[in-house]
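Just so we're aligned: 244 in our numbering is position 57 of the sequence shown, and the numbers increase by one with no gaps anywhere.
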Amino acid sequence: MNKPAILFILIATFVGCASAGEKTTYFKSEVAGQDLPFSDAALVGNTLYIAGKGGTLPGTRTVPEDPMEEARLLMEDFKTTLERVEMTMDDLVYV
C-alpha cells in the first residue's frame with residue numbers, strides 16, 4: 188500500500204471517530220396511521236440527515252400525475268422536515 192492511501196485511511200478513521208460522540212436524534216415519519224420501521228430524518232450534532240423522499244400526495248403513497256406537482260410536494264416535504272428542527276430551506280444542501 189502506498190503512503191497516500193494509508194494516510195487517507197487514517198484520516199477517514201479519525202474523522203469518523205471524532206463524530207461518534209455527537210448526540211443523535213431520530214425523527215419518525217409524520218404520515219398518519221403508518222408505523223414505518225425507519226426514520227424520516229436524523230439530527231447528528233447540528234447536521235440533519237433527511238431520508239429519501241418522494242413527492243406523494245399528503246397522507247397517501249400516491250404520486251400525482253403532474254411531475255411539477257410531484258416536485259412541489261417533494262420540496263414541501265423537505266421544508267416540513269427542516270421546520271421540525273428549526274431549520275429553513277436555506278440550510279439545505281444536496282450532496
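The beta carbon of each residue, even a glycine, is placed where N, CA and C say it ideally should be.
For residue i, collect the residues of the same chain with a Cβ closer than 6 Å to its Cβ; drop the 5 residues on either side in sequence, then sort them by chain order.
i	result
Leu260	Gly242
Thr212	Leu230
Glu257	Gly242, Val250, Pro251
Gly232	Glu209
Met255	none
What residues match up with residue i in a beta bridge as DSSP calls it?
i	result
Leu230	Thr212, Leu235
Under the three-state reduction of DSSP, which class applies to residue i: helix, strand or coil?
i	result
Asp264	helix
Leu244	coil
Arg271	coil
Phe370	Any answer about residue 370 is impossible in this case: the structure gives the chain only from 188 up to 282.
Glu257	helix
Taking the Cβ atom as the reference point for each residue, do residue i and residue j lie within a distance shorter than 7 Å?
i	j	result
Thr268	Ala228	yes
Lys240	Asp264	yes
Val280	Leu235	no
Shorter than 6 Å, the distance from the beta carbon of residue i to the closest heavy atom of the ligand FMN, or not?
i	result
Asn189	The ligand content of the structure shown is nil, which means the ligand FMN is not present either.
Can you give me the Cβ contacts of residue i inside the same chain, cut-off strictly under 7 Å, excluding the 5 residues immediately before and after it?
i	result
Phe225	Ala238
Met274	Leu235
Less than 8 Å between C-beta atoms, sequence neighbours within five positions excluded: which residues of the same chain meet that for residue i?
i	result
Leu244	Val250, Pro251, Leu260
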